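Residue numbers (mature numbering (1 follows the signal peptide of the UniProt record, and there is no 0)): -21 to -1, 1 to 290.
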Amino acid sequence: MLKNMKVLLAIVLFVAPYVAGHTETSDLEDNAYLKLEKLLFFKKRPNKNSLRVGSQDALYGYDGGSGTSNWDGVCASGNKQSPINFVPEETVAVYRRVLRFNGAQQIPHSTNITNSGHSIKIKLRTQKPITVTGGVFGNKVYEFQQLHFHWGKNTHEGSEHTVESRRFPLECHLVFYKENCTNPTSEPECIAVLGVHYESKWVGSNVLDPIVKATAAIEQVGEYVAKVNGYPLKQYLPKDLGTYFSYTGSLTTPPCTEGVTWIWFTETMKVSPHQVNILHEITDEYGHKVESNFRGTQPLNGRSVYLINSA
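Below, the structure is given as structure tokens:
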């Protein structure tokens, strides 16, 4: 019976545009197809009362009793926390060799898009590992793990880091682990995060389109979409990889592990208001929409912030 219902639903969705007298699909129809794909093909991971964050189980949120002001452990006691506010005039200007990426141009054989309950997480399945070295990393080699996004309740403020107290609508974090680290969340200097921020434009970056379209199929915690191919990692990065802020900080979510090497590129990418609004449709473990998932800026506590120029 269920099989017959699925076939019938597939036929209805397929012929609907033609019955309406047109052959191009609208955004509404795209969402319908995603819902169908989810019903027919997508696996749903079981919901959990807690989500695994790094090496610990942590139930946290951004508002109310589980909000950022109530995060405990290193999140509350650490003195090298992230994110921070960048003030260019107060940074130390440094020249470094250019960052060198290996494998960032590979087209992934699959792109996994997951609702983590706090964000949308992307994993790229590639033939060879994607690594970065050079720049502030020197000879150390870091391997790409995943990327995820932070946004806000409106289309103007959602980034975690700020520049002279200005917040941006969207921030992407590309997470890397240093080679040969056995427990990255507890060993020093094992984690590097590359931050990319987005400016609001009428037309957003194409790299965000598959993520936005997948949102309808991953509204609940643990749901994921496995897409064939997808964009290479290079497309998630700005063109100018030679100018960036760098400092030692932490993960911006529990367990807020410190000793993280941060790179935050000064060049922006583009996101449209429509793209940001669609991200709000995912829900957390309580079924509430994730309308805002950025942490406020943290004090420097005497840390140096560097403005790197590799040109």
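Cβ atoms here follow ideal geometry from the backbone N, Cα and C, with glycine treated the same way.
These numbers were taken from a predicted model, which means no experiment stands behind them.
Could you work out which residue in the options is closest to residue i when comparing CA atoms only?
i      : options                           : result
Lys100 : Ala193, Glu270 and Ser225         : Ala193
Phe224 : Asn49, Gly114, Ile170 and Gly266  : Gly114
Phe80  : Ser45, Thr47, Ala72 and Asn118    : Asn118
Glu178 : Glu122, Glu136 and Lys249         : Lys249
Lys218 : Val182, Phe65 and Val175          : Val175
Gln277 : Ser229, Ile197, Val207 and Glu166 : Ser229
Ser251 : Val73, Val191 and Ala83           : Val191
Leu149 : Asn288, Asn162 and Asn133         : Asn133
Gly183 : Ile170, Lys268 and His253         : His253
Tyr226 : Asn64, Gln124, Pro163 and Gly52   : Asn64
Ile86  : Glu68, Lys107 and Thr70           : Lys107
What residue range is occupied by the uninterrupted beta strand (DSSP E) comprising residue i?
i      : result
His129 : Tyr121 to Trp130
Asn288 : Tyr285 to Asn288
Ala205 : Tyr203 to Val207
Val175 : Ile170 to Ser179
Ile242 : Glu237 to Phe244
Leu149 : Leu149 to Lys157
Val250 : Met248 to Val250
Phe224 : Thr222 to Ser229
Tell me the residue span of the alpha helix (DSSP H) that contains residue i.
i      : result
Ser56  : Val53 to Ser56
Val191 : Asp188 to Ala193
Less than 7 Å between the beta carbons of residue i and residue j, yes or no?
i      : j      : result
Glu139 : His129 : yes
Thr262 : Gln199 : yes
Gly131 : Glu264 : no
Thr156 : Glu202 : Before going further, note that residue 156 is Tyr rather than Thr in the sequence given. Taking 7 Å as the Cβ cut-off, Tyr156 and Glu202 do not qualify as a contacting pair.
Val186 : Ile197 : no
Ile109 : Gly137 : no
Gly238 : Glu168 : yes
Glu143 : Val66  : yes
Ala72  : Leu220 : no
Ser45  : Tyr39  : yes
Val172 : Gln124 : no
Asn288 : Thr222 : yes
Thr93  : Lys206 : no
Tyr41  : Asn208 : no
Thr70  : Val284 : yes
When the cut-off is 7 Å and only beta carbons count, does residue i lie next to chain C?
i      : result
Val207 : Within the model displayed, chain C is absent; a lone protein chain is all it includes.
query: Taking three-plus beta-carbon pairs below 8 Å as touching, is the segment 233 to 243 in contact with the segment 86 to 106?
result: They do not touch, by the three-pair rule.
- request: Only counting runs of 3 or more residues, tell me where the beta strand (DSSP E) segments fall wholly within the segment 67 to 143, in order along the chain.
  value: Along the length of the segment 67 to 143, whole beta strand (DSSP E) runs at least 3 residues long occupy 71 to 74, 78 to 81, 89 to 94, 99 to 104, 110 to 113 and 121 to 130, reported in chain order.
query: Taking contact to mean at least 3 C-beta pairs separated by less than 8 Å, is the segment 227 to 239 in contact with the segment 205 to 213?
result: Contact between the segment 227 to 239 and the segment 205 to 213 is absent: fewer than 3 CB-CB pairs across the two stretches fall below 8 Å.
message: Below 8 Å, how does it come out for the segment 67 to 82 and the segment 252 to 259: are there three or more Cβ pairs, yes or no?
response: Result no; under three Cβ-Cβ pairs closer than 8 Å.
task: State whether the segment 265 to 282 contacts the segment 60 to 72, with contact taken as three or more CB pairs (one from each stretch) at a distance under 8 Å.
output: Short answer: they touch.
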